[in-house]
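Asker: If you read the sequences in order, they're chains R and W. Count along the first sequence from 1, then add 1271; that gives the number in the numbering used here. Count along the second sequence from 1, then add 1; that gives the number in the numbering used here. For each residue, glycine too, the CB sits at the ideal point set by N, CA and C. Next up is a structure, given as structure tokens.
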Amino acid sequence: MNRPRKPAAPSSAPRTSPRAGLRRRAFLRGAGGIVVGLPFLELLRPRTAVAGPDDAPIRYLQFIHPQGTVWNQWAPTGGETNFTLTPVLAPLQPHAQELVFIRGLNNESMWLNQLSNGHNAAGRTLLTAMPFSGNLDGQGDLLPVEQQVDNSHAGGPSIDQVIAQQLQAPTPYASLNFGVGGASVNEYQMLFGAADEPISLDGSPQEVFDKLFTNGDPMAPTTAELIRSRRASVLDAVGESFTKLNSQVGAADRQRLEAHADKIRELEKSLSNTGKPGIGCGTPEVALPPGFQPETDGGLYDADASRAFIDLMVMAMACDLARVGTLQYTNYHGPTYPWLGHGIPGGYDSWHTWVHAVADPAADPTVLDVYRWYMGELAYFLQRLGETPEGESTLLDHCLVLATSEFDNGSVHSAYSLPIILAGNLCGRLQTGRSIDRGGHYHGELFAALQQLFGVESSTFGWGPLCPGPISLG
Amino acid sequence: MRSRLRTRGALALALAQVMTMTACGDAGDGDETDGGGTEGATTGASGDGSSSGEDTDAPPGACEGELGVTAPMRRMTGAQYRNTVVELFGGAVAPSDLFPAPDSSYQYSNNPEANVVTQLRAENIMLAAEEVGAAVADGLDGIWQCPPELASDAACAAAFIEEHGARAYRRPLEPVEADALLNVYSDARATLEHHVALGVVVATILQSPQFLYFIERGDGPTPEDGALLELTDWELATRLSYLLWDTAPDAALRASAAAGELQDPAQLEAHARRLLADPRARPAVSRFFREWLEVHELSPSAKDPALFPGFDQTLAAAMVEEFDRFVLGVALAPEGGTLAELLTSAVTEVDATMASFYGVPQDMTPGPGQWAAIELDPARRPGVLTRAAVLAEHANAATSSAIFRGHLVREGLLCDVIPPPPPGAMAMVSFPEGSTQREQSEILHEDPVCGSCHVYMNPIGLGLEHYDAIGAYRADENGAPVDASGEIRQSSSGLAATFDGAGELATLLAGAEATHACFVEQWHAHALGLDDRRDARCSVDGLTQTFLDAGGDLDAMMIAFVTSETFMTRRLPEVSP
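Take a look at the structure:
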């Protein structure tokens, strides 16, 4: 990404002065409020009207960590309800009763892409359960290997976008998607709005903060904010240009222009979406260290980005800016995890190489620490959701969080028995505090079940032959 | 490797129907009911493959003399958007990279199907426009000065709109268009400062269809489906500039368009030569070659790190850069390069990374960060097919690929279409562990169903077996000398011969009319964003003759194209049902 830097924090943002012995951090603060449509004062007034779980918005969140896990010692031991967490899952202990651990689900769909390398295939199928669009013929049938491509976009939408489509939430954004470690997904394009419609990630906490939480100082808005404030008028003028041109061009050209004009009209409609901010809505306090860069070769700031993005996501949910969100840890090749204090030992030129070389991750304390770090971040995410009030309960009670990885065993690109954790009870729709085995089922069957929790009536998801029906979550 | 099948769906379907009746090799002369051409319905031929030399008979489904090429309306690509924003504001504004990229699964990035506006893309076009609008507002003083004689902000805004609107829409604004933009300004100005209101105008312009789409409607009344339009001077300037520079017409082209000079092919030629001689032609022209030969950004993770530890980001990037330098060295050579040189020349440019990869002696290796022209061993590195980027792209993670490389030659260089195999084909064969490409190909060839098509691909790709999965030269494989004998079976493109190794393959292709015709066809698809090339048949035939008469000179072909009726007119597509 060489995107030009946006103006730094709003000029009104206070900055802590450097103090001896303290790590200096720049705090991003905004005066609250959102960019689109929501009157500034609206946020300062508690929304006491949003009370019972019945009218609480339901939400779907994803936490995607790369390169698998300690696959040979991941699943909790013991029974369905009286289970014991393994070392890699230990950070989740405080939330154990809010979780469902699922083992045994296989991502067989990655193998539909026979010419793909393991990463592209696993990444693009993880949340879509669909082969590459380039591996489908005009009728939607799978092409044989000789006609397959080594890579293309997924042939269908990812589960998060299916749910977003179902919810049709009156929020400013249909989904918010953050790349911890930067926006570059490399081989891991996981989110798709539809076949061939990849969804990009926001990789900079600063930019996300600016986008979501700075009306800035209403007394001193930035140029960009002022220009955005004219969106309705601009889209209106653009729409009129389409209308005028339509009468001047041939029928085939008109068809293309009209399809585009439809999208402009949908954008205009979404401008009036303000969401229903709950009582927990405010302005996140996001701390980034000096010198912070969203994307570095060694992933030097990934731990900072992780906390920043988690805080941003939680507050975005509390303020009802979207009801679907994804945190994708994008740095899967060369992170060095400096905050863990291990370093990548000699002999491995990257974390990626190391993962490939480790046959028994449970026996390697450094590898265990890395994988456990992701679970610690998940725990922090759940903690923040659980302590943010909404109505008479918390955000977590109104959420379903899916945490998983594209592999169980990254060393051999295996996507069997994916490490899947569900969190939150979605207003009582999911019974938590359990550890279950769904061995022999495909992961698309899980998504078929999840989408039903959100009201999608279909009992299939992704590639039909690999989804006989929803698995039981009971 | 990416499939082009989806971009030519209708054609692939027609072929698939043929396939259900007759396999590739048994297609015989076939029925030519669709008036197809080089991509016509017969992929196979009745020949036994033992003949060599070219079939000089006119291919079936010949041109029937219809003028003009049916061209879809194209939308600006991401690369074109970035260049255009730079051009519009004199380089003072960084182009937003929020503008959506084309769908990479289509061969040519300007294919309209790769640039369909989805909801997300509409939003990203809006966000990009707002970002640029803000940058223009903040940097207005360095971009544009209001003429001092204009007394009011409103007069200033009108002047800004007239100048920048015209450059963005690539023609003078119609009065109603200027009024509409001025209204956007006035509404914004009611609450915002002058420069910010102009930023709002810029955000409007950059989302307008007149800017985003290459609208070609001639200057007559609303045209009918299928009509043949003569393009206006402004439309010609736009076609030329985006073809050769991937950006908006510059001042000289605008002046010629305003003066009505571009209906004169001599003027078009003069501008084309000027554009081609400018460094701005380099990225646009190399993009054609990359997309034609399906060379993408190479990623180290695409190869097995255990087998190819040296294939790192530096090497991967250097391979692609070397490819660009090689093709441009031929295509934009001041003295004029030919297609034959492209296919056979061993003269390229290398940096230290590529010098080491190609085994260039130390004393001829350029210093750090330097690139220098050099002639590689012509026996090992003849022509574009032996560029490392081409070979690495068309290979598997751990092994070379006779299928991918044969497919590249068959579809990319000969414009034959290989139809999809029948359902269940994957289950028909299995390969022994560790088998070579030649062994695997033999298994495919012996299978009656697989073999009927694979004999048209694998035997060509096997001629490139001296190059491994990352394009490195190898004399031996598994301890045995590499057998690089290959064969081009006769098919609808007419070429048929046996050969040994990359050098003979390159020479064969360089001397074939079929390769020249296919190159011209690829150029048409690229230049006009064609999804279906069948309608370009007459134009391809005519330009191929010119191309051959000019000894395969690439410059001559490009110049002939931009001065042709095909370039100067547009036949409107019919509405798809």
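Going by DSSP in three states, N1448 (chain R) sits in which element: helix, strand or coil?
Answerer: Within the first sequence, residue 1448 (chain R) is the residue found at index 177, counting from 1. The answer is strand: DSSP assigns N1448 (chain R) an E or B state.
Asker: Taking all protein chains shown into account, do 16 or more other C-beta atoms lie within 10 angstroms of the C-beta of K1540 (chain R), making it buried, or fewer, making it exposed?
Answerer: Locating residue 1540 (chain R) in the first sequence gives position 269, counting from the first residue. K1540 (chain R) should be labelled exposed.
Asker: Strictly below 9 Å CB to CB, what residues from chain R border M74 (chain W)?
Answerer: Here residue 74 (chain W) refers to the residue found at position 73 when the second sequence is read from its first residue. The contacting residues are V1520, G1521, A1523, D1524, R1527 and L1528.
Asker: Cβ of V410 (chain W) less than 8 Å from any chain R Cβ?
Answerer: For the purposes of this step, residue 410 (chain W) is taken as the residue at position 409 of the second sequence. No, no contact with chain R.
Asker: Going by C-alpha distance, which of R:G1662, R:S1423 and R:L1360 is nearest R1395 (chain R)?
Answerer: Numbered from its first residue, the first sequence carries residue 1395 (chain R) at position 124. That would be R:S1423, whose Cα lies nearest to the Cα of R1395 (chain R).
Asker: According to DSSP, is L1438 (chain R) helix, strand or coil?
Answerer: Within the first sequence, numbered from 1, the residue matching residue 1438 (chain R) stands at position 167. Three-state DSSP puts L1438 (chain R) in a helix.
Asker: Using a beta-carbon distance below 8 Å, is D35 (chain W) in contact with chain R?
Answerer: Residue mapping note: residue 35 (chain W) aligns to position 34 of the second sequence, counting from 1. Confidence at D35 (chain W) is low in this model, with a pLDDT of 36, below 50, so the placement of that residue is unreliable and no value is reported for it.
Asker: Please tell me whether A1522 (chain R) and D226 (chain W) are closer than 8 Å, where the distance is taken between their beta carbons.
Answerer: What you label residue 1522 (chain R) is simply residue 251 of the first sequence in a count that begins at 1. What you label residue 226 (chain W) is simply residue 225 of the second sequence in a count that begins at 1. The answer is yes: Cβ separation under 8 Å.
Asker: Closest to G1350 (chain R) by CA distance: which of R:F1725, R:S1706, R:R1700 and R:S1743 is it?
Answerer: Working through the first sequence from its first residue, we reach residue 1350 (chain R) at position 79. For the residues R:F1725, R:S1706, R:R1700 and R:S1743, the minimum Cα distance to G1350 (chain R) belongs to R:S1706.
Asker: So, does the CB of L573 (chain W) fall closer than 8 Å to a CB anywhere in chain R?
Answerer: Taking the first residue of the second sequence as position 1, residue 573 (chain W) is located at position 572. Cβ-Cβ to chain R under 8 Å: yes for L573 (chain W).
Asker: Would you say L1737 (chain R) lies against chain W (beta-carbon separation less than 8 Å)?
Answerer: In the first sequence, counting from the first residue as 1, residue 1737 (chain R) sits at position 466. Taking 8 Å as the CB threshold, L1737 (chain R) stays off the interface with chain W.
Asker: Any beta carbon from chain W within less than 8 Å of H1604 (chain R)'s own beta carbon?
Answerer: The residue given as residue 1604 (chain R) occupies position 333 in the first sequence. Interface residue, yes.
Asker: For G1733 (chain R), which of helix, strand or coil comes out of DSSP?
Answerer: Indexing the first sequence from 1 puts residue 1733 (chain R) at position 462. In the three-state DSSP reduction, G1733 (chain R) falls in the coil class, being neither helix nor strand.
Asker: Is W1403 (chain R) buried or exposed, if buried means 16 or more other CB atoms sit within 10 Å of its CB?
Answerer: Position 132 of the first sequence, counting from 1, holds the residue named residue 1403 (chain R). The question names Trp, but residue 1403 (chain R) is Phe in the sequence shown. Under this definition F1403 (chain R) is a buried residue.
Asker: Is F1480 (chain R) helix, strand or coil by DSSP?
Answerer: Position 209 of the first sequence, counted from the first residue, corresponds to residue 1480 (chain R). F1480 (chain R): helix per DSSP, three-state reduction.
Asker: At a CB distance below 8 Å, what residues from the region 1533-1547 of chain R approach chain W? Give them in sequence order.
Answerer: K1534, I1535, E1537 and L1538
Asker: Please state if the CB of L1383 (chain R) and the CB of D1421 (chain R) are separated by a distance shorter than 8 Å.
Answerer: For the purposes of this step, residue 1421 (chain R) is taken as residue 150 along the first sequence, with counting starting at 1. For the purposes of this step, residue 1383 (chain R) is taken as residue 112 along the first sequence, with counting starting at 1. Their beta carbons are not under 8 Å apart, which means D1421 (chain R) does not touch L1383 (chain R) by this criterion.
Asker: If I'm right that V321 (chain W) touches V296 (chain W) with Cβ under 8 Å, what's the distance once you round it to whole angstroms?
Answerer: Start at 1 with the first residue of the second sequence, and residue 321 (chain W) comes out as number 320. Start at 1 with the first residue of the second sequence, and residue 296 (chain W) comes out as number 295. At roughly 7 Å, the Cβ-Cβ gap stays under 8 Å, so V321 (chain W) and V296 (chain W) are in contact.
Asker: Who are the neighbours of N1448 (chain R) on chain W, taking C-beta pairs under 8 Å?
Answerer: Residue 1448 (chain R) sits at position 177 when you count from the first residue of the first sequence. Residues of chain W passing the Cβ test: none, with the nearest at roughly 11 Å.
Asker: How many angstroms separate the CA atom of A1491 (chain R) from the CA atom of H527 (chain W)?
Answerer: One-based indexing of the first sequence puts residue 1491 (chain R) at position 220. One-based indexing of the second sequence puts residue 527 (chain W) at position 526. Rounded to whole angstroms, A1491 (chain R) to H527 (chain W) spans 48 Å at the Cα level.
Asker: If you follow the beta strand (DSSP E) that D501 (chain W) is in, where does it begin and where does it stop?
Answerer: To locate residue 501 (chain W), count along the second sequence from 1; it is residue 500. Its beta strand (DSSP E) spans residues L496 to D501.
Asker: Just grab the DSSP bridge partners of I1691 (chain R) for me.
Answerer: To locate residue 1691 (chain R), count along the first sequence from 1; it is residue 420. R:I1373.
Asker: So Q1333 (chain R) is in the beta strand (DSSP E); what residue range does that whole segment cover?
Answerer: Numbered from its first residue, the first sequence carries residue 1333 (chain R) at position 62. Here the beta strand (DSSP E) through Q1333 (chain R) covers R1330 to I1335.
Asker: With a Cβ-Cβ cutoff of 8 Å, do Y186 (chain W) and L199 (chain W) count as a contact?
Answerer: Here residue 186 (chain W) corresponds to residue number 185 of the second sequence, with the count starting at 1. Here residue 199 (chain W) corresponds to residue number 198 of the second sequence, with the count starting at 1. Cβ distance < 8 Å, so Y186 (chain W) and L199 (chain W) count as in contact.
Asker: State the CB to CB distance for the pair L1673 (chain R) and L1653 (chain R), rounded to an integer number of angstroms; the pair is presumed to be in contact (CB under 8 Å).
Answerer: Position 402 of the first sequence, counted from the first residue, corresponds to residue 1673 (chain R). Position 382 of the first sequence, counted from the first residue, corresponds to residue 1653 (chain R). L1673 (chain R) to L1653 (chain R), Cβ: 12 Å. No contact.
Asker: Given this structure, state the Cα-to-Cα distance separating T1352 (chain R) from P1358 (chain R), to the nearest angstrom.
Answerer: For the purposes of this step, residue 1352 (chain R) is taken as the residue at position 81 of the first sequence. For the purposes of this step, residue 1358 (chain R) is taken as the residue at position 87 of the first sequence. Looking at the two C-alpha atoms, the distance is approximately 18 Å.
Asker: Determine, using beta carbons only, whether T205 (chain W) and L183 (chain W) come nearer to each other than 8 Å.
Answerer: Working through the second sequence from its first residue, we reach residue 205 (chain W) at position 204. Working through the second sequence from its first residue, we reach residue 183 (chain W) at position 182. Cβ atoms of T205 (chain W) and L183 (chain W): not closer than 8 Å.
Asker: Applying the 10 Å Cβ sphere with the 16-neighbour rule, what's the burial state of I1305 (chain R)?
Answerer: Working through the first sequence from its first residue, we reach residue 1305 (chain R) at position 34. Confidence is the limiting factor: at I1305 (chain R) the pLDDT is only 31, short of 50, which leaves the residue's position unreliable, though a coordinate-based value still follows. So I1305 (chain R) ends up on the buried side.
Asker: Do Y1600 (chain R) and H1336 (chain R) have their beta-carbon atoms positioned less than 8 Å apart in this structure?
Answerer: As a first step, residue 1336 (chain R) must be located in the first sequence, where it is residue number 65. As a first step, residue 1600 (chain R) must be located in the first sequence, where it is residue number 329. It is a contact, given that the beta carbons lie within the stated cut-off.
Asker: Which residue marks the beginning of the beta strand (DSSP E) containing Y1600 (chain R), and which one marks its end?
Answerer: Working through the first sequence from its first residue, we reach residue 1600 (chain R) at position 329. Looking at the DSSP string, the run of the beta strand (DSSP E) that includes Y1600 (chain R) is V1595 to Y1600.
Asker: Can you find the residues in the same chain that come closer than 6 Å, C-beta to C-beta, to E488 (chain W), ignoring five residues on each side of it along the sequence?
Answerer: Residue mapping note: residue 488 (chain W) aligns to position 487 of the second sequence, counting from 1. Once the five neighbours on either side are set aside, the close Cβ partners of E488 (chain W) are P460 and T499.
Asker: I'd like to know whether the C-beta of I1430 (chain R) is nearer than 8 Å to at least one C-beta of chain W.
Answerer: Residue 1430 (chain R) sits at position 159 when you count from the first residue of the first sequence. Judged by the 8 Å Cβ criterion, I1430 (chain R) is not in contact with chain W.
Asker: Report the three-state DSSP secondary structure of S1664 (chain R) (helix, strand or coil).
Answerer: As a working note, residue 1664 (chain R) is residue 393 in the first sequence. S1664 (chain R): strand per DSSP, three-state reduction.
Asker: Check the C-beta distance from P306 (chain W) over to T1624 (chain R) and give it rounded, since I have them as a contact under 8 Å.
Answerer: Here residue 306 (chain W) is taken as the residue at index 305 of the second sequence, counted from 1. Here residue 1624 (chain R) is taken as the residue at index 353 of the first sequence, counted from 1. Correct: roughly 6 Å between the Cβ atoms.
Asker: Indicate the three-state DSSP secondary structure (helix, strand or coil) for G1745 (chain R) in the structure shown.
Answerer: To locate residue 1745 (chain R), count along the first sequence from 1; it is residue 474. For G1745 (chain R), the secondary structure class from DSSP, reduced to helix, strand or coil, is coil.
Asker: Taking the alpha-carbon positions, what's the R326 (chain W) to T349 (chain W) distance?
Answerer: Counting from 1 along the second sequence, the entry for residue 326 (chain W) is found at position 325. Counting from 1 along the second sequence, the entry for residue 349 (chain W) is found at position 348. Going by C-alpha positions, R326 (chain W) is about 7 Å away from T349 (chain W).
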